[in-house]
Every structure is written in C-alpha cells, then in structure tokens.
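Below: the structure, in structure tokens.
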Amino acid sequence: MGSGPLSSRVAALCDDVGPRLGPAAQPHVLGVRRRLDEPLRVAIAGRLKAGKSTLVNALIGRRVAPTEVGECTRIVTQFRYGTADRVDVVRRDGRRTSLPLDEAGMIPQRLGVSRPEIAFVDVTLTSDHLRDLTVVDTPGLSSTNTAVSAGARQFLFAGQDGDGPDGPSTAAAPMDADVDDDSVGAISGAEAIVYVFTQSVRADDLEALEAFRAVSARLASNPINSLGLFNKVDKLVGGVADPWPVAGPLAADQGRVLRRVVSDVVPVVGLLAETTEAGRLTAADCEALRALAQLPAAARTVLLASVDLFTSRDCPVPREQRERLLRLLDLYGIGFAIAQLAARPQLSSGDLVRMLFQASGFPRLRHTLDQAFRWRTDAIKAGWGLSSLEKLASHTERPYDRELLRDAIERVLQQPEYHRLRLLEVAQLVSTGSVELPEPMEQELTRLALSTDPQWILGLPAAGAEQLGKAALEAATRWRVYAVAGASPAQSRVALVAHRGFFLLSQRIRAGHP
Ligand SMILES: Nc1nc2c(ncn2[C@@H]2O[C@H](COP(=O)(O)OP(=O)(O)OP(=O)(O)O)[C@@H](O)[C@H]2O)c(=O)[nH]1
Ligand SMILES: [Mg+2]
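In structure tokens:
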C-alpha cells in the first residue's frame with residue numbers, strides 16, 4: 005500500500021528527530037518509523053468458533069490457518085507478506101524456531117514448542133493478498149481456556165493496562181515485556197479490527213468491543229477503524245433456503261445497535277468465501293455436484309432437506325465425497341451450486357466457483373475493507389505514529405528529548421492536512437456518543453472526517469467548484485455559529501474543529517485540487 009502523505013510526514017519526523025535523541029528514546033522512534041512502512045494490520049477478533057480463521061483464510065486466499073469444529077486457534081497468529089512461506093514460532097524470550105508449512109500447506113498442528121512458552125506465531129506467505137494487509141488471527145474471546153482468552157484480550161486491547169512509552173508496540177505483547185525488538189514490533193497492536201459474530205450481538209461482545217476502543221492509538225477506537233462481520237448467515241434460515249433476504253435486514257439492525265463501535269456490519273458466508281478464494285473445489289468436487297444436479301428434482305429435494313439426509317440417503321455420489329462437499333460448502337452452498345447446475349447444465353466449473361464467491365457476500369466485505377480501512381490507513385497510521393511519539397515525549401527522562409519531540413510533533417500537526425487527524429478525533433468523539441450533536445450535524449461531521457470528496461461531503465453530487473466552495477464556506481459559518489451560540493464546551497470544541505475543516509475544504513476547492 006506504501007505509506008500515504010500523512011504517514012510519510014510522520015516518518016520524516018522520525019528520520020529527522022530520531023538520530024538526535026538519547027539512547028533511551030531512540031529505539032522507540034525507530035520502532036515507530038519501521039511500523040509506519042508496514043501494511044495496515046487488521047486483527048480478526050470474536051467469540052469462539054465464530055469463523056475467524058475461516059475468514060482469515062479467505063482474506064489470505066489460501067487455507068493456511070486450521071479451522072475446526074472443536075476449539076482450535078489457541079495462539080495469536082500473524083500472517084504477513086514475505087518472499088518465502090515460513091512459520092516462525094516466537095517464544096516469550098524472543099527466540100524463534102522456523103518450521104515449514106505441513107504437507108497440506110497449513111500451519112502444523114505440532115509446533116515443537118510447549119504452548120505456555122509460545123508468545124505468538126509469525127507466518128510469512130508469498131500470497132499477493134497480503135502485500136497491503138497484514139492479518140492477525142486470534143483465539144476466541146470466550147475461550148474455555150481462560151489463559152488463551154486472556155492472551156487474545158491483551159493482544160487486542162493492549163494499551164489499557166501497562167501503557168508503555170511506545171504505546172502499542174510493547175503494550176500489545178501478550179506476554180511479559182522482555183522480548184526482543186523484532187518480536188515486539190511483529191505483534192504490536194492492530195490498527196484496525198474486524199469483529200466477527202454470528203446470530204445476535206451479545207452484551208459481552210459489546211463489552212469486548214468497548215474494551216477495544218480503549219486501545220491507545222489516537223484513532224484506535226470506534227467506528228473509524230472497526231468493522232463488524234455477521235458470519236455464517238447460511239445458518240440463519242437453515243437448509244438450502246436463500247438467507248440473504250433475512251441477513252440483509254438483520255445486519256442492518258445489528259449495525260444500528262453497534263453504530264457506536266463499528267462502521268458497518270457486513271453479512272457473509274465465510275465458509276463459501278474460504279472455499280472459493282482458497283481454490284478448494286477440485287474437479288472431482290464439481291463433478292459430484294453435477295451428478296447431484298442431474299438427479300430428479302424430487303430426489304434432490306429430499307437429499308437437501310437436512311445434513312443427515314444428505315449424508316445418509318442412497319445416492320450415486322459416494323458418501324465420503326458428500327461429506328467432503330458438506331465441509332467445503334455446507335448445505336446452503338451445496339443447494340446453491342446444485343440449483344445453478346440444474347438450471348444451466350453447461351455452466352463451467354470456473355463460473356460456478358465465481359457464482360459461489362458472489363453468494364458468499366465476500367465481495368461486499370472486500371469492498372468495505374478497501375473503502376473503510378485501506379482508504380483510512382494513512383490517517384490511522386499517522387495518528388497512531390503521532391500518539392506513540394506523544395506518549396514517548398511524556399514518558400522520556402531527558403528534558404531535551406521531550407522538547408525536541410514535542411516541537412516536532414507540534415510542527416507536523418500545524419500542517420493543514422493534519423487537520424484531518426483532528427477531524428477524525430472529534431468525529432470519533434461524536435460517533436461514539438462521548439459528545440452529543442444533533443443528528444444532521446453528526447452526519448455532516450462524519451462525512452467531512454471520512455472523505456476528501458467535496459461533492460459527497462456537502463451532499464451536492466452534481467455541483468461545480470463554485471457552488472461547492474460556497475457551500476463549504478456556508479457550512480464553516482454554520483459550525484462557527486453553533487460553536488459560539490448555545491453549545492456546551494465539549495460541543496463547542498468539536499464545532500470549532502468542524503468549522504476549520506470546512507474552511508480548509510473551501511480553500512482546497514478554490515485552489516482547484518479537491
Ligand atoms: N456453515 C458455515 N460454517 C462456517 C462458516 N464459517 C465458518 N464455518 C465453520 O465453523 C467452524 C469454526 O470455524 P473456525 O474458522 O475454526 O472458527 P474460529 O472462530 O477460528 O474458531 P476458534 O479459533 O476455535 O475460536 C468450522 O467448521 C468452519 O468450517 C460459515 O459461514 N458457514
Ligand atoms: Mg480460529
């Protein structure tokens with residue numbers, strides 16, 4: 005993804021100030037600098053068995069993380085881009101042991117290190133999907149094994165306790181602080197989170213999300229960097245019935261419940277996404293589906309009525325093959341594939357896979373990730389970098405270092421572009437309910453914080469530059485009036501930031517580079 009303009013500026017600050025700092029502060033600044041060049045790190049969190057690892061595999065485009073019916077992810081596992089496939093088991097003391105992937109191309113079940121000694125697993129893959137996204141898989145939050153659960157919590161919600169001077173990079177470690185810099189860097193807290201749930205959102209899920217909001221980065225709370233995934237929607241209505249007419253409205257309801265914690269709730273069938281994205285359907289699988297599609301309609305209906313009937317009925321497709329199909333597609337996916345093949349017997353296997361991928365809901369997830377996260381990466385990273393440096397400035401011993409850092413940070417923040425960080429900050433205060441604003445103002449502020457497109461922000465899709473410039477100035481005036489008249493001190497502070505934001509927008513429009 006490369007770093008955008010905001011994080012490049014913070015990187016330049018690190019390059020400039022780093023070498024002039026004392027030996028205590030310098031490594032922290034180097035750590036921040038390194039981290040700014042890395043892709044956005046997204047943690048996949050959620051309850052036990054929600055389908056987190058399944059979604060991780062779909063995102064990576066390979067089946068590398070084990071997914072099971074029994075509890076299976078016990079260790080925080082990071083997947084990042086590398087020039088060779090490699091599994092590094094990182095111990096609490098920082099030592100690494102490298103392993104190859106197993107013969108199925110997955111993380112081996114046996115890691116060769118006793119579990120309590122393992123800090124995390126660091127997997128590098130040549131997968132192109134990872135070039136601009138690092139994915140972190142986590143153990144289920146309500147794991148029956150409380151130690152595991154605590155590890156995941158600490159990893160995800162780092163920064164609440166043990167807030168070190170360099171913020172997430174050490175605080176995020178699900179372990180004692182005595183690990184080497186590499187390990188610390190590798191598992192620093194995520195900048196964004198995808199929260200996976202199934203069925204209804206429970207009170208303790210909400211608690212977990214709330215906890216995440218306390219992560220120390222400036223922007224690391226809230227709808228701006230969190231996305232909800234409503235997984236396993238194929239299980240909603242049961243059998244082969246189309247779940248989407250139910251899933252859409254339910255996801256929208258959940259989006260409203262969670263509106264203060266996630267930007268959106270996207271319904272998906274993770275299993276279908278994994279199977280299609282990781283290329284798991286073989287020619288034999290497709291042949292079996294074709295054979296099933298050719299059965300008389302009545303026989304198909306009985307077969308697809310339940311998992312039990314599907315595996316136990318007499319049928320030309322061998323039982324093991326049917327069980328495999330269930331593992332790959334489950335009943336809804338099988339029913340969907342058979343319906344397509346029955347309607348169009350000439351359908352190629354490639355087209356069938358594409359249709360299954362569409363039916364998984366994953367395209368919308370990818371789109372939302374691109375829109376909601378990738379787009380905001382620059383600001384999220386810059387905000388994280390600056391808040392880490394601010395924290396360092398307030399903890400560091402040498403007064404000279406403190407001054408140097410504070411001055412440099414202040415200079416960066418005075419740049420007009422950095423106003424976007426302030427905007428995100430206040431938009432987040434408002435969207436999380438910390439500061440209340442009338443609904444239309446809340447929406448206007450969110451649009452201003454989340455986009456650079458004046459037409460969208462101002463709600464004037466067809467307007468030209470002149471009209472947009474005028475509308476931006478009017479908005480600026482409205483916010484100033486609100487700040488001065490009748491607003492509480494907190495509302496007033498938010499309104500002044502919005503005022504300046506619209507003023508800067510009007511200048512941008514006038515200068516001709518929106
Ligand atoms: N029917 C259906 N099954 C799914 C879906 N997503 C995941 N599964 C299945 O749910 C089971 C659990 O999936 P995992 O990905 O291992 O879940 P997890 O959240 O990583 O589980 P832990 O790591 O143990 O917390 C597996 O058998 C998956 O195949 C889905 O969308 N539909
Ligand atoms: Mg898992």
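Note that the sequence shown covers residues 5 to 518 in the numbering used here.
Heads up, the beta-carbon is just placed ideally off N, CA and C, and yes, glycines get one too.
Between the C-alpha atoms of Thr71 and Ala466, what's the straight-line distance to the nearest angstrom?
Their Cα atoms are separated by approximately 48 Å.
So what does DSSP say about Pro271, is it helix, strand or coil?
Here Pro271 sits in strand by DSSP.
Taking just the CA atoms, how far does Leu428 sit from Ala218?
Any reading at Ala218 must be qualified, since the residue scores a pLDDT of 43, below 50, and its modelled position is unreliable; the value itself is stated next. Their Cα atoms are separated by approximately 16 Å.
Segment limits, beta strand (DSSP E) that includes Ile122
Note, Ile122: beta strand (DSSP E), Ile122 to Leu129.
Please state whether the Cβ-Cβ distance between Leu308 and Ile338 is less than 8 Å.
yes
Would the beta-carbon of Gly55 be found less than 7 Å away from any heavy atom of ligand 1?
yes
To test your reading of the DSSP string, which unbroken alpha helix (DSSP H) runs of 4 or more residues are found completely within the stretch 53-102?
Fully enclosed alpha helix (DSSP H) runs of 4 or longer: 56-64.
Mapping DSSP to helix, strand and coil, what is Arg263?
coil
Just mark Leu137 as buried or exposed, buried being the case when its beta carbon has 16 or more other beta carbons within 10 Å.
buried
Cβ neighbours of Ser510 in the same chain (closer than 6 Å, five flanking residues each side left out):
Gly473, Ala476 and Leu477
Quick one: residues in its chain with C-beta nearer than 8 Å to the C-beta of Phe234, no 5 flanking neighbours on either side, listed in chain order?
Phe201, Thr202, Ala251, Leu254, Ala255, Gln258, Val269, Val270, Pro271 and Val272
Pro23 versus Gln30: straight-line alpha-carbon distance, rounded:
7 Å
So what's Gly232 in DSSP terms, helix, strand or just coil?
When DSSP states are grouped into helix, strand and coil, Gly232 belongs to the strand group.
Here's the rule: buried if 16 or more other CB atoms are within 10 angstroms of the residue's CB, otherwise exposed. What is Arg331?
exposed
Can you tell which of Leu63, Thr77 and Ala123 has its C-alpha closest to the C-alpha of Asp92?
Ala123
beta-carbon Cys76 near ligand 4 non-hydrogen atom, thresh 7 Å
For ligand 4, the structure offers nothing, since it holds only ligand 1 and ligand 2.
With a cut-off of 8 Å, do at least 3 Cβ pairs link the stretch 379-391 to the stretch 30-45?
yes
Is Thr315 near ligand 2, going by C-beta to nearest heavy atom under 7 Å?
no
Is the stretch 298-318 in contact with the stretch 91-108, if contact means three or more CB pairs nearer than 8 Å?
Not touching, per the Cβ criterion.
Could you tell me whether the stretch 430-443 touches the stretch 485-501, where touching means 3 or more Cβ pairs closer than 8 Å?
yes
Check whether the Cβ of Thr400 sits closer than 7 Å to any heavy atom of ligand 1, and report yes or no.
Not so, every heavy atom of ligand 1 lies at least 7 Å from the Cβ.
Between the CA atoms of Phe361 and Ala295 - distance to the nearest angstrom:
21 Å
Integer Cβ distance of Gln418 from Arg13, believed to fall under 8 Å
Not a contact, Cβ separation roughly 11 Å.
Secondary structure of Leu44, DSSP reduced to three states:
strand
Have a look at Asp289 and Tyr336 and give me their C-alpha separation to the nearest angstrom.
16 Å
Among Leu275, Val266 and Gln432, the one whose alpha carbon lies nearest that of Arg67
Leu275
Spatial neighbours of Val21 in its chain, beta-carbon cut-off 8 Å, leaving aside the 5 residues before and after
Val33, Leu408, Leu409 and Ala412
Does the Cβ of Trp483 have 16 or more other Cβ atoms within 10 Å, making it buried, or fewer, making it exposed?
buried
Just checking my contact of Ala196 with Val46 at CB under 8 Å: how many whole Å lie between their CB atoms?
5 Å
Assumed close pair Val265, Ser230 - CB separation to whole angstroms, cut-off 8 Å:
About 6 Å; that satisfies the 8 Å criterion.
From the beta carbon of Ser118, is the nearest beta carbon of chain D less than 8 Å away?
The structure shown contains no chain D; it is built from a single protein chain.
Can you look up Asp246 in the DSSP assignment and give me helix, strand or coil?
coil
Selection from Gly232, Ala341 and Val488 that minimises the alpha carbon distance to Phe377:
Considering only alpha carbons, the answer is Gly232.
Which residue or residues does DSSP assign as beta-bridge partners of Thr138?
Arg45
Under 8 Å by Cβ, that's how I've got Tyr85 and Leu44 pegged, so tell me the actual separation to the nearest angstrom.
Between Leu44 and Tyr85 the Cβ distance is about 12 Å, and since that is not below 8 Å, they are no contact.
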